[in-house]
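For what it's worth, the numbering used here labels the leading residue of the sequence shown as 109, then goes sequentially. C-beta atoms are modelled at their ideal positions from N, C-alpha and C, and glycine is treated no differently. Just so it is clear, the structure is predicted and the values come from calculations on it, not from any experiment. Comments concern the structure below.
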Amino acid sequence: MSVCNPVFIMPGGSTKKTCPFCQSILFCAQKICAHCLKEQPTKQRLEKKLKRFDEKREDWGLNWDSGY
């Protein structure tokens, strides 16, 4: 496999990923690509969980800014 190939897929269990914008190889923990300097998209599953938590927090009626 060549890194220039835009369909380059990392093997399962790898600690690396490809940037969806420039196709360079990144470590999974990187938030910004070192090559194109674009922020990496967050996982949709995490965004969904955070949205549901925010909705539940409104139902609980808690004010997180007050420190209680």
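DSSP places Leu154 in the uninterrupted alpha helix (DSSP H) bounded by 152-168. Annotation: Asp162 to Lys125 spans about 29 Å, alpha carbon to alpha carbon. Taking 4 residues as the shortest admissible run, the segment 119-145 contains no complete alpha helix (DSSP H) segment at all.
Here the alpha carbons of Pro149 and Leu134 stand approximately 13 Å from one another.
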